[in-house]
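The structure appears right after this line, and notes come after that.
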Amino acid sequence: MTWVITALCQDCLDISCVGVCPVNCIYRYTGTDPKFPNRLFIDPQECIDCGACEPECPWEAIFKDDAVPAIFANDIALDAAIVGAPREVPERPADQKAPTPDEVKANKKKWGYT
Ligand code: SF4
Ligand code: SF4
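Residue numbers 3 to 116, in the working numbering, belong to the letters of the sequence shown in order.
This is the structure:
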């Protein structure tokens, strides 16, 4: 089992999740392939299924693979595509601000997840 980052992370990139992952398997894509959006990705081969990242994500973007909402189903394969791709473990900027509840709600609405 693995956990999956969905489109709710896209362009949000709070990066809180990275700090709690015990195996450093949450990555930013560093290549040039446009199929990788501006979000983070969990390597399903390295994820140990601890679940620590999910409550850390202020955007509520992370789901267990068997509980990914249907509207984000394609994100399972997109996360898996990070295996072998150019990547890095990003650092959270010290001045990063957490989103407000209204921003989280608006982001979900933007992606059709309400
Ligand atoms: S905490 Fe959530 S929104 Fe932030 S980078 Fe991680 S998955 Fe993306
Ligand atoms: S479930 Fe655990 S091991 Fe997997 S990405 Fe989240 S924090 Fe890392």
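Virtual Cβ for every residue (Gly too), placed ideally from N, Cα, C.
Just so we're clear, the structure is a prediction, and the values are computed from it rather than from any experiment.
So, for residue i: in the same chain, excluding its five sequence neighbours on each side, which residues have a beta-carbon less than 6 Å away from its beta-carbon?
{"i": "residue 19", "result": "28, 55, 58 and 59"}
{"i": "residue 88", "result": "32 and 33"}
{"i": "residue 65", "result": "6"}
{"i": "residue 45", "result": "27, 84 and 85"}
Excluding the 5 residues preceding and the 5 following residue i in the sequence, name in chain order all residues of the same chain whose CB lies nearer than 7 Å to its CB.
{"i": "residue 78", "result": "6, 67 and 70"}
To the nearest angstrom, how far is it from the Cα of residue i to the Cα of residue j?
{"i": "residue 50", "j": "residue 40", "result": "24 Å"}
{"i": "residue 63", "j": "residue 86", "result": "23 Å"}
{"i": "residue 52", "j": "residue 3", "result": "10 Å"}
{"i": "residue 14", "j": "residue 47", "result": "24 Å"}
{"i": "residue 98", "j": "residue 43", "result": "19 Å"}
{"i": "residue 103", "j": "residue 82", "result": "29 Å"}
{"i": "residue 96", "j": "residue 8", "result": "24 Å"}
{"i": "residue 38", "j": "residue 116", "result": "24 Å"}
{"i": "residue 113", "j": "residue 75", "result": "13 Å"}
{"i": "residue 111", "j": "residue 80", "result": "21 Å"}
Beta-carbon within less than 8 Å of residue i's beta-carbon, same chain only, minus the 5 sequence neighbours each way: which residues are those?
{"i": "residue 91", "result": "20, 26, 28, 29 and 30"}
{"i": "residue 1", "result": "What is shown of the chain runs 3 to 116, which leaves residue 1 out entirely."}
{"i": "residue 100", "result": "16, 18 and 60"}
{"i": "residue 109", "result": "10, 14, 61 and 101"}
{"i": "residue 35", "result": "87"}
{"i": "residue 73", "result": "113, 114 and 115"}
Is the number of C-beta pairs between the segment 49-69 and the segment 18-26 that are closer than 8 Å three or more?
-> yes
Quick one: which unbroken alpha helix (DSSP H) runs of 4-plus residues sit fully inside the segment 11-92? Chain order, please.
-> 18-22 and 76-82
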